[in-house]
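*Asks:*
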Amino acid sequence: MQRGHIVLVDQLRDAMRVAVFAGACQQQAATGN
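In the numbering used here, each residue carries its 1-based index in the sequence shown increased by 11.
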């Protein structure tokens, strides 16, 4: 149970990192144009 929870948290962290990265790219693209 504990291990599964940790995996879920890792996936959530990765998803947040991707979302932040995508947001930064979008912001940069909007500023560049």
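We put the beta carbon where it would ideally sit given N, CA and C, even for glycine.
If you draw a straight line from the alpha carbon of ASP21 to that of VAL31, how long is it in whole angstroms?
*Replies:* Working through the sequence shown from its first residue, we reach residue 21 at position 10. Working through the sequence shown from its first residue, we reach residue 31 at position 20. Cα to Cα, ASP21 sits roughly 15 angstroms from VAL31.
*Asks:* Nearest-angstrom Cα distance between GLY34 and LEU23?
*Replies:* By 1-based counting over the sequence shown, the position of residue 34 is 23. By 1-based counting over the sequence shown, the position of residue 23 is 12. When rounded, the distance between both Cα atoms is 16 angstroms.
*Asks:* What number of angstroms, rounded off, separates the C-alpha of GLN39 from the C-alpha of VAL18?
*Replies:* The count along the sequence shown starts at 1 and reaches residue 39 at position 28. The count along the sequence shown starts at 1 and reaches residue 18 at position 7. So the two alpha carbons sit approximately 32 angstroms from each other.
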